[in-house]
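Read through the structure below, which is laid out as structure tokens, and then see the notes.
In the numbering used here, the protein residues as written are 174 to 386.
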């Protein structure tokens with residue numbers, strides 16, 4: 174009955190597109206801030222347990238989606254959270270931050286640190302150095318990480334399936350619900366649009382990540 178309510182109402186697609194866009198934009202923005210800050214901390218500071226913490230950051234990328242989805246579901250239910258857009262955003266941030274961390278970290282690894290040292294020698298404080306030197310240099314990586322996170326969040330099915338509430342749907346889940354009632358031309362059209370959009374965003378992200386200036 175739940176699937177039928179969605180598949181028999183074509184106008185519902187605008188709601189699920191809005192949900193998907195909101196989740197992807199919010200989760201990507203939060204993950205970009207977390208991943209960028211973490212990448213800078215890992216690249217510029219030495220502390221006890223640094224390698225262990227780095228391994229923890231990379232764990233969501235190698236963990237099977239179904240395992241991560243079940244783990245997040247258990248956490249949200251145990252913590253008393255109502256499954257909704259909020260839980261989807263939190264869930265997406267747990268693994269999108271890792272992707273942003275890797276992208277920005279690669280950018281930091283190729284950056285000339287003498288520019289930051291020169292800025293400090295000229296009297297600039299840490300915040301001024303970050304704002305005027307570090308951030309502009311890593312901005313292609315930051316933008317690329319944001320776009321990569323956006324497209325991963327937009328396309329996610331498995332993890333979102335576990336942490337979405339009964340009254341919350343995203344576009345991939347909407348397509349999955351339609352497929353349960355049979356293949357229709359609308360499914361193919363939406364799938365092609367989603368694939369093309371994903372390739373465009375991913376291409377822009379890879380281009381920004383590879384820029385040297």
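Backbone N, C-alpha and C define an ideal beta-carbon position, used for all residues, glycine too.
May I have the straight-line CA-CA distance separating residue 337 from residue 330, to the nearest angstrom? Counting from 1 along the chain shown, the entry for residue 337 is found at position 164. Counting from 1 along the chain shown, the entry for residue 330 is found at position 157. Using only the alpha carbons, I get a separation of about 10 angstroms.
Cα-Cα separation, residue 344 to residue 379: Position 171 of the chain shown, counting from 1, holds the residue named residue 344. Position 206 of the chain shown, counting from 1, holds the residue named residue 379. The alpha-carbon of residue 344 is positioned some 24 angstroms away from that of residue 379.
Let's test the definition: count the other Cβ atoms within 10 Å of the Cβ of residue 193 and tell me whether it reaches 16, buried, or not, exposed. In the chain shown, residue 193 corresponds to position 20, counting from 1. Residue burial is scored here from C-beta neighbours: residue 193 has at least 16 other C-beta atoms within 10 angstroms and is therefore classed as buried.
Thinking residue 360 and residue 348 are a contact (beta carbons under 8 angstroms), I'd like their distance in whole angstroms, please. Along the chain shown, read from residue 1 onward, the residue named residue 360 stands at position 187. Along the chain shown, read from residue 1 onward, the residue named residue 348 stands at position 175. The Cβ separation is near 6 angstroms, so the contact holds.
Measuring straight from C-alpha to C-alpha, what distance separates residue 318 and residue 186? Walking along the chain shown from the start, residue 318 turns up at place 145. Walking along the chain shown from the start, residue 186 turns up at place 13. Approximately 28 angstroms, taken between the alpha carbons.
Range of the contiguous alpha helix (DSSP H) that encloses residue 281: Position 108 of the chain shown holds residue 281. It spans 258-282 - the alpha helix (DSSP H) in which residue 281 sits, taken as one unbroken run.
Beta-carbon proximity of residue 306 to residue 288, cut-off 8 angstroms: Residue mapping note: residue 306 aligns to position 133 of the chain shown, counting from 1. Residue mapping note: residue 288 aligns to position 115 of the chain shown, counting from 1. The Cβ atoms of residue 306 and residue 288 sit closer than 8 angstroms to each other.
For residue 180, does the three-state DSSP call read helix, strand or coil? Here residue 180 refers to the residue found at position 7 when the chain shown is read from its first residue. Bear in mind that the predicted position of residue 180 carries a pLDDT of just 48, short of 50, making it unreliable; the figure below should be weighed with that in mind. Correct three-state label for residue 180: helix.
Measure the alpha-carbon distance for residue 269 versus residue 325 and round it to whole angstroms. In the chain shown, counting from the first residue as 1, residue 269 sits at position 96. In the chain shown, counting from the first residue as 1, residue 325 sits at position 152. The alpha-carbon atoms of residue 269 and residue 325 are separated by roughly 8 angstroms.
Run the CB neighbour count on residue 217, radius 10 Å, all protein chains shown included, and call it buried at 16 or more, exposed below. As a first step, residue 217 is located in the chain shown; it is residue number 44 there, counting from the start. With fewer than 16 other beta carbons inside 10 angstroms of its own, residue 217 counts as exposed.
Best match in 297, 271, 284 for proximity to residue 311 [C-alpha to C-alpha]: By one-based count along the chain shown, residue 311 stands at place 138. Selected option, being the one with the closest Cα: 284.
The alpha helix (DSSP H) with residue 320 in it runs from where to where? For this step, residue 320 is matched to residue 147 along the chain shown. In this chain, the alpha helix (DSSP H) harbouring residue 320 covers 308-328.
CB-CB length for residue 251 against residue 334, believed under 8 angstroms: Locating residue 251 in the chain shown gives position 78, counting from the first residue. Locating residue 334 in the chain shown gives position 161, counting from the first residue. Taking 8 angstroms as the upper bound for CB-CB distance, residue 251 and residue 334 are not in contact here, some 19 angstroms apart.
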